[in-house]
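Structure first, commentary second.
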Amino acid sequence: VGLVAAWKSVTSTSFLSFVSVLTGSSPSLGSVRPSSSSSSQSLRQSLRPLRASELAIDWLEPLDPNVKELEPSGDGMVLPVFPLGGPFMPYSKHKLNIFEPRYRELYDHILLSGSRRFVVTSVDPRSPADLRLATAGVVFYLDDLQEVSEMTQDQVKYVCDHTVIGRVRIKRVLNPSSWFDRSTYLRAETEAIEDSDGEADCWKLEGEVMDFLRKLEPLYTELKKPCYRADVLNSMNSSRSEENGLWSLSEMWIQLLQANMRATQGSFEGQMQEIVKPYLKPEAVISIDDLPADARAQIEQLRGDYIEQVKSTEIRQMEFAQKMIQSDTHQGRLEYFKDILDEEYRASIAKKSLKNL
């Protein structure tokens, strides 16, 4: 957020648009700490499988700009790659506006070939100069496409509707240099991610996940935080079901994190307005340098707090999505989601206690 740069000219009538400039672009993500496994206290514990929450996100090696083109090995399916990030959950639906030339080409090719699918995966926020992709991604299937170039003066070529139909693991990118010269879209060899615990009965964990979600709803309401409606949970469960199962709950959780980010932005805008309002005059132009030192200090403190909160929420979204996607067991995803909800419940109880002091 370029706070100082954005303060070149601010009038009382343009304050809201000024705040929009400050909050319109998300700050870059900071480093992501891989989760570390707890120390073993017995042979039995040391031999147990790692829980999803204890596993680090799997990343490919950074793309090499000197590698032009690799021949497919024939071991796996070659799919286009769109490093959108997201996060996106299996069986959810998404609309995309396509404007960049290489992705216009991607859509032309998947229509011509009839495959209508491509991989969407996250980019490692610790490697801004390079491109390091997450090994696990989701498969977007093109449901509908509208040509809108005439309506948008060619600013946007296609408006596309998609369904996420599955998960894949990226084995290797076949044309790494294309990312750097922007000549075309990336292509990769992939393999499907299939659950290895298809027969496991996870009813106890499934019930515990739902219990946590039900206990969180009244807490969020009391704390005046964004929340899902309690009745929504009545039509959902945490089973393997493609519809209204654990994947749908995961999508709901991501939407909740995004709502928290919007609430953070709204709070930031309101506090900014309170700081600046006393110094605004009708049709007058004000610079940040014209403000008293204490007001400038408040703005800098507020700006720093806002960036940290947005960073934290973006990282939480990315980590949650990637760990859910890369897990190859329903049980592992349930354990991870339960850990997340348990931590959130404890934090909410603590906030409630402080509020009631």
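In the numbering used here, the protein residues as written are 13 to 369.
Where a beta carbon is used, it is the ideal one built from N, C-alpha and C, also for glycine.
Everything numeric in this text was worked out from a predicted model, so none of it was measured.
- Under the three-state reduction of DSSP, Phe-349 is assigned to helix.
- Looking at the DSSP output, Asn-256 bridges to nothing.
- Per the coordinates, the alpha-carbon of Tyr-348 lies some 45 angstroms from the alpha-carbon of Lys-289.
- In the DSSP assignment, Val-93 falls within the unbroken beta strand (DSSP E) covering 89-94.
- Counted as a single uninterrupted DSSP element, the stretch harbouring Leu-303 is not any alpha helix (DSSP H), since DSSP gives it neither H nor E.
- When the alpha-carbon of Leu-145 is set against those of Gln-167, Met-163, Gly-97 and Ala-333, the nearest one is in Gly-97.
- Bounds of any beta strand (DSSP E) do not take in Gly-219; it lies within the alpha helix (DSSP H) bounded by 215-235.
- Counting only the Cα atoms, Leu-186 lies some 9 angstroms from Val-79.
- CA-CA distance, Gln-329 to Ile-110, rounds to 24 angstroms.
- By alpha-carbon distance to Tyr-103, the top candidate from Tyr-232, Glu-229, Pro-188 and Ser-262 is Ser-262.
- For the stretch 63-150, the continuous beta strand (DSSP E) assignments of 3+ residues that do not extend past its boundaries occur at 89-94, 105-110 and 129-132, in sequence order.
- The continuous alpha helix (DSSP H) containing Asp-193 extends over residues 189-193.
- With respect to the 8 angstroms criterion, His-106 and Arg-252 are not classified as neighbours on the basis of their beta carbons.
- Judged by DSSP in its simplified three-state form, Ala-204 adopts strand.
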